[in-house]
Structures are given as C-alpha cells and as structure tokens.
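Undergrad:
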Amino acid sequence: MDHRYPVARRALGSAVMRYASTRGDGEVSFSEALAAGLAADGGLYVPTAWPSFTSRTAPATLPEVAASLLQPFIADDPLQPDLAAITEEAFSFPAPLVSLGDEPTQLLELFHGPTAAFKDFGARFVAACLSRARRERPLHILVATSGDTGGAVAAAFHKRPGVRVSVLFPKGLVSPAQERQLTCWDDNVRSLAVRGTFDDCQALVKAAFADKEMGSRYDLSSANSINVGRLLPQMTYFALTSLAIWNVHRAPASFVIPSGNLGHATACVWARRVGLPIGEIVLAHNRNRTMPDYLESGVWRPRASVPTLASAMDVGDPSNGERLRHLFPDLAAMRGALTAYAIDDDAIRSRIRTGWEKYGQIWCPHTATAAEAHALHMARGGEGRWTIVATANPAKFPEIVEPLLGRAIPVPNSLAALFDRPSQVTEIEPDLSALRRAVA
Ligand SMILES: *Cc1c(COP(=O)(O)O)cnc(C)c1O
4 MDHRYPVARR
14 ALGSAVMRYA
24 STRGDGEVSF
34 SEALAAGLAA
44 DGGLYVPTAW
54 PSFTSRTAPA
64 TLPEVAASLL
74 QPFIADDPLQ
84 PDLAAITEEA
94 FSFPAPLVSL
104 GDEPTQLLEL
114 FHGPTAAFKD
124 FGARFVAACL
134 SRARRERPLH
144 ILVATSGDTG
154 GAVAAAFHKR
164 PGVRVSVLFP
174 KGLVSPAQER
184 QLTCWDDNVR
194 SLAVRGTFDD
204 CQALVKAAFA
214 DKEMGSRYDL
224 SSANSINVGR
234 LLPQMTYFAL
244 TSLAIWNVHR
254 APASFVIPSG
264 NLGHATACVW
274 ARRVGLPIGE
284 IVLAHNRNRT
294 MPDYLESGVW
304 RPRASVPTLA
314 SAMDVGDPSN
324 GERLRHLFPD
334 LAAMRGALTA
344 YAIDDDAIRS
354 RIRTGWEKYG
364 QIWCPHTATA
374 AEAHALHMAR
384 GGEGRWTIVA
394 TANPAKFPEI
404 VEPLLGRAIP
414 VPNSLAALFD
424 RPSQVTEIEP
434 DLSALRRAVA
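Last residue of the sequence shown: 443 in my numbering, with the numbers rising by one and none dropped.
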C-alpha cells in the first residue's frame with residue numbers, strides 16, 4: 004500500500020506545535036485553533052508537523068493513551084499542564100472491543116458515553132479544554148448537527164459557566180430519540196430546529212463565523228468536527244485498538260468507519276500518520292456518496308444531502324474532505340490511503356438483520372453501514388485484522404431497528420434520564436438574520 008504524505012513544514016521532534024489553515028492562513032497555537040473553530044480564511048486547521056509514535060508498548064487506559072498521544076500536539080500550549088486532567092475528564096467511559104463469534108473481526112464500541120454516540124469523546128474533550136481556557140468575553144458555541152454531535156456537545160457544556168451553546172439541527176431529519184436529546188436542555192443551551200438540511204445548518208454556522216455583528220458580541224466557536232479539538236482526541240481509540248491488536252497478533256489493525264462529515268476518518272488517518280500500527284482504512288458512507296465518487300472520479304462534487312436510515316451521516320458536503328485532500332493532494336496517494344463504499348438503505352436494513360441472526364448483535368444503522376462495507380470489502384479480497392467501528396447505541400434508533408428485529412431494544416440509563424427531561428426548541432428559517440434573532 005502507498006501511504007505518501009506531503010512533507011511536514013516543521014522538523015519532527017521539535018517542542019512546539021502550530022496549526023495552519025488548509026487554505027494557507029498563518030500558524031496558530033492549539034488553544035487559538037480550538038477557540039476559533041474555523042480559520043479566518045474559511046479553511047480548517049491542521050497540524051503543521053507530525054510527531055512520531057514508535058512505541059509499541061501494550062496500551063494502558065484510554066486517558067493515559069490520550070495524554071501521551073496528544074502531548075506533542077499541545078506541546079507548548081497554555082493548556083499543556085492540564086492535559087492529564089483533561090483526558091481523565093473526557094475519557095471517563097470505556098471503548099470496549101467486542102468479538103464477533105470466532106471471526107477475527109472485532110467491533111469497537113464507542114457509544115458508552117452520556118449521549119450514547121462516539122461524539123461524546125470529542126465533545127467532552129473540547130468542553131474540558133475550553134472551560135480551562137481564559138477569556139475576556141463570553142464564549143458562544145455554535146454547533147450544526149446531523150443528529151448526534153448536538154446532543155454530545157450540549158451534554159458536555161450544559162451548565163458550564165461562561166459558555167453558551169446553540170445547537171442547530173435539520174427539522175424533521177433527525178430520529179425522534181435524537182431530537183429529544185437535542186431539545187432536552189435549558190440554562191446555557193439553546194436548540195434551534197432549522198427548516199432545511201444538515202448542510203444548511205453547517206452553512207449557517209459558517210456564515211455566522213463570517214458575520215461581523217455576531218463576532219462583535221461573542222467569542223464564537225464551533226464544536227463541530229471542523230474544530231481540530233474534536234478530531235485530535237478521536238485518534239485515541241484508534242491508537243488503543245491498534246496497539247492492543249499489535250501486541251497480540253503483531254499485525255496492523257484495519258478499520259471500517261461509518262462516515263459522514265469525515266471527522267472520524269480524518270482522526271484515523273492522522274493516527275496512522277503519526278506511526279501507529281494501522282493498515283487499511285475503509286470509509287462506509289450511506290447514499291451520500293460525495294467521497295466514494297471523489298475517489299473514483301477525482302472530482303470533488305459536493306451536493307445536497309439525501310435522507311437515509313443512517314441519518315447522522317447524511318452529509319452531501321463533508322467538511323473534512325478538505326483536510327483529507329490537504330493531506331493527500333495527489334489523487335493516487337488518496338486512493339492508496341483510503342477506500343470508500345456507498346451503502347443504500349436496503350443493504351443497511353438487511354445487515355441489521357444479519358447482525359442479529361449471525362452474531363446476536365443489535366446494530367444502529369451507522370454501525371450496520373460499516374458492517375456492510377466490511378462484508379463487501381472482504382468479498383473483494385480484503386485481508387488482515389479488521390475492526391468495525393460501532394458509533395451509536397441502537398437504542399437511539401428504535402423506530403428503525405425494532406421492526407427489523409421484532410424485539411424491543413434496551414435503553415441505557417444515561418439516555419433514559421435525558422429522555423425524561425422537558426423539551427425546548429425554537430424553529431428558524433435557514434438564514435443568518437433568523438439565527439441572529441434566535442440567539443440574541
Ligand atoms: C457523526 C456520526 C457518524 C459520522 O462521523 P463523521 O465524523 O461525521 O464522519 C457516524 N455515526 C454516528 C452514529 C454519528 O453520530
């Protein structure tokens with residue numbers, strides 16, 4: 004396999020780390036990139052150097068792996084002395100590897116946090132960082148969500164002093180359980196149902212960043228996966244899993260990742276980039292096939308998102324495609340580094356049934372998308388030690404999964420507690436003046 008990367012701008016091993024925009028804007032510290040979210044030129048922050056992790060020591064706990072992995076990424080940052088405390092706070096729940104019968108393929112369950120999707124990790128890391136950063140003005144976090152990010156960010160920031168959160172979600176396009184989880188907040192968190200798609204929500208957040216009036220009132224930030232503070236911590240469980248597999252099998256770990264905005268995929272690519280024993284990376288998309296089409300045609304053609312069963316991945320213009328294309332400006336290199344599949348709803352349904360019948364597993368539609376992509380990849384001659392990433396608890400999607408399996412799905416306590424809270428939401432048109440009024 005061909006894993007070529009552009010040459011780092013800064014020498015490896017140096018004790019400073021800077022972040023630069025994918026569109027070329029100057030270099031900032033981790034704290035600055037975290038607070039800004041999006042770079043001033045509209046690009047996304049990426050590290051300007053890649054540290055090198057050559058140790059293959061058997062992994063310890065998630066917080067410990069996170070702290071040693073992230074240390075060089077915030078080497079000279081004001082937050083550096085707090086890193087161990089931050090990772091303890093963010094990685095306070097497990098990410099178990101579950102075996103699928105006697106097959107070598109495993110499942111990595113990332114949904115044991117407060118809102119039962121993997122986004123709890125990144126959201127809690129960002130909250131732990133931002134609540135420690137000093138600032139003069141109140142911070143206003145704008146977050147566009149296709150379903151899971153908003154709940155995770157709201158949960159992570161709820162009742163934190165000095166921070167306001169506005170969650171924008173596409174009205175009627177998230178699952179009922181997700182909607183309850185997006186609208187069950189009060190105090191410093193506001194939920195906005197946007198009459199549009201996820202891409203409209205994401206465009207609104209980007210427009211707010213460019214808006215002088217909003218910028219004059221608050222320090223605006225984003226906790227979307229456009230924020231580099233979301234992506235870096237997500238490298239952690241790819242690191243932990245790959246080291247665990249290396250220590251048992253002396254083989255690299257290959258991953259299938261349910262993908263939408265491509266944040267998770269970028270984190271996995273970065274984990275491989277810094278030297279962790281990661282082999283192939285397969286991206287499992289639903290019918291929103293911008294990335295699979297790009298790998299085939301070499302043309303990046305964003306489009307309107309189409310609704311699917313795996314709604315948290317209904318992204319027609321994946322932001323982090325820009326980070327991936329920055330890392331692999333050459334199409335051939337990108338093709339060597341990643342494979343992508345687009346899976347339709349029928350295949351998602353039948354894979355949910357297969358998961359239950361064959362393995363006794365209940366999968367959410369996103370996890371089933373990855374399991375289907377895995378099956379396709381194996382049928383095309385895939386080899387090696389594979390891990391299917393399970394991104395959400397199926398209890399968030401009972402209206403899809405229960406009829407397919409003919410059984411009720413148990414709801415974890417953390418979710419049940421959220422569902423019991425009263426709901427509050429404001430509906431807005433997808434335009435900037437409506438957003439300005441709603442958050443005034
Ligand atoms: C957000 C999400 C994804 C997609 O992750 P990206 O980083 O946006 O590619 C997959 N599954 C679930 C359950 C999600 O919430």
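We put the CB at the ideal spot given by N, CA and C, even for glycine.
1. Could you say which of Val101, Gly116, Asp85 lies nearest to Ala131 if we only look at CA atoms?
2. May I have the straight-line CA-CA distance separating Leu408 from Ser194, to the nearest angstrom?
3. Report yes if the C-beta distance between Ser257 and Gly387 is below 7 angstroms; otherwise report no.
4. List the DSSP bridge partners of Gln237.
5. Let's see if you can read the secondary structure: which residues bound the alpha helix (DSSP H) around Ile89?
6. Measuring CB to CB, does Ala393 end up less than 7 angstroms from Thr429?
7. Is Gly154 closer than 7 angstroms to Thr118 when the C-beta atoms are compared?
8. Give every residue of the same chain whose Cβ lies closer than 6 angstroms to the Cβ of Ala158, excluding the five residues on either side of it in the sequence, and list them in chain order.
9. Measuring straight from C-alpha to C-alpha, what distance separates Asp5 and Ala23?
10. Is the stretch 345-357 touching the stretch 198-211 in the sense that three or more CB pairs, one from each, lie closer than 8 angstroms?
11. Below 7 angstroms between beta carbons: does that hold for Leu298 and Ile260?
12. Going straight from the alpha carbon of Arg424 to that of Asn416, what length do you get?
13. When DSSP builds the beta bridges, which residues end up paired with Ile284?
14. Could you check how far apart the C-beta atoms of Met294 and Leu265 are, in whole angstroms? I think they sit under 8 angstroms.
15. May I ask you to report which of helix, strand or coil DSSP gives His143?
16. Tell me the DSSP bridge mates of Ala41?
17. For the beta strand (DSSP E) containing Asp222, name the first residue and the last one.
18. Nearest by alpha-carbon distance to Glu106: which of Ile391, Leu72, Val404, Leu438 is it?
19. Apart from the five residues on each side of it in sequence, which residues of its chain come closer than 6 angstroms, Cβ to Cβ, to Pro401?
20. Under 7 angstroms between the Cβ atoms of Pro173 and Val197?
21. At a cut-off of 6 angstroms, is Gly263 close to ligand 1 when judged by its beta-carbon and the heavy atoms of the ligand?
22. Taking C-alpha atoms, which residue in Val101, Ala70, Val442 lies nearest to Glu92?
23. Tell me whether Met238 counts as near ligand 1, meaning its Cβ is closer than 6 angstroms to at least one heavy atom of that ligand.
24. For Arg13, collect the residues of the same chain with a Cβ closer than 6 angstroms to its Cβ; drop the 5 residues on either side in sequence, then sort them by chain order.
25. Classify Arg410 as buried or exposed, calling it buried when 16 or more other Cβ atoms lie within 10 Å of its own Cβ.
26. When DSSP builds the beta bridges, which residues end up paired with Phe114?
27. Give every residue of the same chain whose Cβ lies closer than 6 angstroms to the Cβ of Gly282, excluding the five residues on either side of it in the sequence, and list them in chain order.
28. Quick one: give me the first and last residue of the beta strand (DSSP E) that Arg388 is part of.
29. Quick check: does the Cβ of Met316 come within less than 6 angstroms of any heavy atom belonging to ligand 1?
30. Rounding to the nearest angstrom, what Cα-Cα distance links Thr244 and Glu216 in this structure?
31. Contact check, Ala345 vs His380 under 8 angstroms by CB: the rounded distance?
32. Apart from the five residues on each side of it in sequence, which residues of its chain come closer than 7 angstroms, Cβ to Cβ, to Gln184?
33. Taking only the alpha-carbon atoms, compute the straight-line gap between Val156 and Asp123 and give it to the nearest angstrom.
34. Any idea if Asn191 is buried or exposed, counting beta-carbon neighbours within 10 angstroms, 16 or more meaning buried?
35. With a threshold of 7 angstroms on Cβ separation, who are the neighbours of Pro321 within its own chain once the five nearest residues in sequence on each side are excluded?
TA: To lay it out plainly:
1. In the sequence shown, residue 131 corresponds to position 128, counting from 1. Scanning Val101, Gly116, Asp85 for the CA closest to the CA of Ala131 turns up Asp85.
2. Taking the first residue of the sequence shown as 1, we reach residue 408 at position 405. Taking the first residue of the sequence shown as 1, we reach residue 194 at position 191. If you take the alpha carbons of Leu408 and Ser194, they lie about 32 angstroms apart.
3. What you label residue 257 is simply residue 254 of the sequence shown in a count that begins at 1. What you label residue 387 is simply residue 384 of the sequence shown in a count that begins at 1. Yes, they are a contact pair.
4. Here the question's residue 237 lines up with position 234 in the sequence shown. Its beta-bridge partners do not exist; DSSP assigns none.
5. The sequence position of residue 89 within the sequence shown is 86, counting from 1. Annotation for Ile89: the continuous alpha helix (DSSP H) segment containing it runs 86-93.
6. Sequence index remark: in the sequence shown, residue 393 carries index 390 (1-based). Sequence index remark: in the sequence shown, residue 429 carries index 426 (1-based). Taking 7 angstroms as the Cβ cut-off, Ala393 and Thr429 do not qualify as a contacting pair.
7. On the sequence shown, residue 118 is found 115 positions in, with the first residue counted as 1. On the sequence shown, residue 154 is found 151 positions in, with the first residue counted as 1. In this structure, Gly154 lies closer than 7 angstroms to Thr118 by Cβ.
8. Locating residue 158 in the sequence shown gives position 155, counting from the first residue. Correct list, in chain order: Pro117, Thr118.
9. Taking the sequence shown and counting its residues from 1, the one referred to as residue 5 is at position 2. Taking the sequence shown and counting its residues from 1, the one referred to as residue 23 is at position 20. Confidence at Asp5 is low in this model, with a pLDDT of 36, below 50, so its placement is unreliable and the value that follows should be read with caution. Cα to Cα, the separation comes out at about 25 angstroms.
10. Taking a cut-off of 8 angstroms on C-beta distances, the stretch 198-211 does not touch the stretch 345-357, as fewer than three cross pairs fall below it.
11. Looking up residue 298 in the sequence shown gives position 295. Looking up residue 260 in the sequence shown gives position 257. Between Leu298 and Ile260, the C-beta spacing is not below 7 angstroms.
12. Here residue 424 is taken as the residue at index 421 of the sequence shown, counted from 1. Here residue 416 is taken as the residue at index 413 of the sequence shown, counted from 1. Going by the C-alpha atoms only, they are around 13 angstroms apart.
13. Against the sequence shown, residue 284 aligns to sequence position 281. According to DSSP, which records beta bridges pairwise, Ile284 is partnered with Phe258.
14. Working through the sequence shown from its first residue, we reach residue 294 at position 291. Working through the sequence shown from its first residue, we reach residue 265 at position 262. The pair is a contact, with the Cβ atoms about 7 angstroms apart (cut-off 8 angstroms).
15. The count along the sequence shown starts at 1 and reaches residue 143 at position 140. Strand.
16. As a first step, residue 41 is located in the sequence shown; it is residue number 38 there, counting from the start. According to the sequence shown, residue 41 is Leu rather than Ala. Leu47, per the DSSP bridge assignment.
17. Here residue 222 refers to the residue found at position 219 of the sequence shown. Residues 222-225.
18. Here residue 106 corresponds to residue number 103 of the sequence shown, with the count starting at 1. The residue with the shortest Cα to Cα distance from Glu106 is Ile391.
19. Position 398 of the sequence shown holds residue 401. Result list for Pro401: Ile412, in chain order.
20. Within the sequence shown, residue 173 is the residue found at index 170, counting from 1. Within the sequence shown, residue 197 is the residue found at index 194, counting from 1. Between Pro173 and Val197, the gap from beta carbon to beta carbon is short of 7 angstroms.
21. For the purposes of this step, residue 263 is taken as the residue at position 260 of the sequence shown. Yes - ligand 1 has a heavy atom lying nearer than 6 angstroms to the Cβ of Gly263.
22. The residue labelled residue 92 in the question sits at position 89 within the sequence shown. The residue from Val101, Ala70, Val442 with its alpha-carbon nearest to that of Glu92 is Ala70.
23. Here the question's residue 238 lines up with position 235 in the sequence shown. No, Cβ of Met238 sits at least 6 angstroms from all heavy atoms of ligand 1.
24. The sequence position of residue 13 within the sequence shown is 10, counting from 1. In this predicted model, Arg13 has a pLDDT of only 44, less than 50, meaning its place in the structure is not dependable; the value taken from the coordinates is given anyway. Closer than 6 angstroms at the Cβ level, and outside the excluded window around Arg13, lie Thr51, Ala52.
25. The count along the sequence shown starts at 1 and reaches residue 410 at position 407. Answer is exposed; the Cβ neighbour count stays below 16.
26. Position 111 of the sequence shown, counting from 1, holds the residue named residue 114. For Phe114, which the question treats as bridged, DSSP gives no partner whatsoever.
27. The sequence position of residue 282 within the sequence shown is 279, counting from 1. Closer than 6 angstroms at Cβ, skipping near neighbours: Pro255, Ser257, Gly387.
28. Taking the first residue of the sequence shown as position 1, residue 388 is located at position 385. Segment 388-393, the beta strand (DSSP E) holding Arg388.
29. In the sequence shown, counting from the first residue as 1, residue 316 sits at position 313. Within the chosen limit of 6 angstroms, ligand 1 reaches the beta carbon of Met316 through at least one heavy atom.
30. Counting from one through the sequence shown, the residue named residue 244 turns up at place 241. Counting from one through the sequence shown, the residue named residue 216 turns up at place 213. Put simply, the backbone Cα of Thr244 is about 45 angstroms away from that of Glu216.
31. Reading the sequence shown from its first residue, position 342 is the one you call residue 345. Reading the sequence shown from its first residue, position 377 is the one you call residue 380. Distance from Ala345 to His380 at the Cβ level is roughly 13 angstroms; contact not present, criterion being Cβ atoms closer than 8 angstroms.
32. Against the sequence shown, residue 184 aligns to sequence position 181. Sequence-distant partners of Gln184 (beyond 5 residues in either direction) whose C-beta falls short of 7 angstroms from its own C-beta, in its chain, are Thr118, Gly154, Leu421.
33. Here residue 156 refers to the residue found at position 153 of the sequence shown. Here residue 123 refers to the residue found at position 120 of the sequence shown. It is roughly 7 angstroms from the alpha-carbon of Val156 to the alpha-carbon of Asp123.
34. Mapped onto the sequence shown, residue 191 falls at position 188. With 16 or more other Cβ atoms inside 10 Å of its own Cβ, Asn191 counts as buried.
35. The residue labelled residue 321 in the question sits at position 318 within the sequence shown. Around Pro321: Gly263, Asn264, Leu265, Thr293, Met294.
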